[in-house]
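Each residue of the sequence shown is one higher than the one before, starting from 52 at the first, in our numbering. Report on the following structure.
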Amino acid sequence: MPFHTVHKRPSLLKFHPDKCKYMTLGSSISNHKLHLYRDTMDQNTTVELQKVEEEKDLGIYIDSKLGFRHHIQTAVNKANRIMGTIRKMYTYRDKNSFSLLYKALVRPHLEYGASIWNPHLGKDINLIENVQRRATKQIPGMKNLSYEDRLKTLK
Numbered sequence: 052m053p054f055h056t057v058h059k060r061p062s063l064l065k066f067h068p069d070k071c072k073y074m075t076l077g078s079s080i081s082n083h084k085l086h087l088y089r090d091t092m093d094q095n096t097t098v099e100l101q102k103v104e105e106e107k108d109l110g111i112y113i114d115s116k117l118g119f120r121h122h123i124q125t126a127v128n129k130a131n132r133i134m135g136t137i138r139k140m141y142t143y144r145d146k147n148s149f150s151l152l153y154k155a156l157v158r159p160h161l162e163y164g165a166s167i168w169n170p171h172l173g174k175d176i177n178l179i180e181n182v183q184r185r186a187t188k189q190i191p192g193m194k195n196l197s198y199e200d201r202l203k204t205l206k
């Protein structure tokens, strides 16, 4: 069955046109406009869909060039805010309590969906790694150690 014939069949799946958006992927500039067929009781109309350059789906931001820069920046900002809260709320932070708090509250934000947005650019990896660098300095007695030594001590 040709594509255009399938497209003209009435669908039983109803979409709310105000909640539908579309994104074109890739670097080519596209001036195409997409429309959604709306079948109301009194009339049949089409509604032009909103074109977006970036969208959040299942908690992961993605842009039209399949980049995840905004997602990584958002995750890092949230992780830093949580680390600030931990620093204010817990005055006693030894290695064990820090490790539990970091693994339970901070790391999930940095690792959520990592198999999708896998950071491969050095600047993105450094953004994520800097959260852990700053976090390990908050443990008493470890501030003056090198980052590698702090990680070895925490293992």
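No residue lacks a Cβ here, since even glycine has one placed at the ideal position from N, Cα and C. Keep in mind it's a predicted model, so treat the numbers as computed, not measured.
Looking at the secondary structure, which residues open and close the alpha helix (DSSP H) in which tyrosine 163 lies?
For the purposes of this step, residue 163 is taken as residue 112 along the sequence shown, with counting starting at 1. Careful: tyrosine 163 lies outside any alpha helix (DSSP H) and carries neither H nor E.
(Q) Counting beta carbon pairs with one atom in the region 141-149 and one in the region 169-177, are three or more of them shorter than 8 Å? (A) Contact between the region 169-177 and the region 141-149 is absent, because fewer than three Cβ pairs lie under 8 Å.
- Message: Quick check on this structure: which residue in Asn147, Met134 and Leu196 has the alpha carbon closest to the alpha carbon of valine 182?
- Response: By 1-based counting over the sequence shown, the position of residue 182 is 131. Of the listed residues, the one whose Cα sits closest to valine 182 is Met134.
Note the first and the last residue of the continuous alpha helix (DSSP H) segment covering valine 127. For this step, residue 127 is matched to residue 76 along the sequence shown. Secondary structure note for valine 127: its alpha helix (DSSP H) is the uninterrupted segment 120-140.
How should phenylalanine 149 be labelled, buried or exposed, when 16 other C-beta atoms within 10 angstroms of its C-beta is the threshold for buried? By one-based count along the sequence shown, residue 149 stands at place 98. Buried.
Measuring alpha carbon to alpha carbon, tell me which residue in Ala165, Arg158 and Gly173 is nearest threonine 187. Here residue 187 is taken as the residue at index 136 of the sequence shown, counted from 1. Nearest option by C-alpha distance: Arg158.
**Prompt:** How do the region 154-169 and the region 192-200 stand: do at least 3 beta-carbon pairs fall below 8 Å, yes or no?
**Reply:** no
Got a sec, what are the start and stop residues for the beta strand (DSSP E) threonine 97 sits in?
Within the sequence shown, residue 97 is the residue found at index 46, counting from 1. Element bounds for threonine 97: 95-99.
- Sort Arg132, Gln124, Lys102 and Leu87 by Cα distance to isoleucine 111 and report the nearest one. Here the question's residue 111 lines up with position 60 in the sequence shown. Comparing Cα-Cα distances from isoleucine 111 to each of Arg132, Gln124, Lys102 and Leu87, the minimum goes to Gln124.
State the DSSP-derived secondary structure class of glutamate 180, mapped to helix, strand or coil. Your numbering for residue 180 matches position 129 in the sequence shown. Note: glutamate 180 maps to helix in three-state DSSP.
Query - Identity of the residue in Leu151, Asn95 and Phe66 nearest leucine 205 by Cα - result: Here residue 205 refers to the residue found at position 154 of the sequence shown. Nearest option by C-alpha distance: Leu151.
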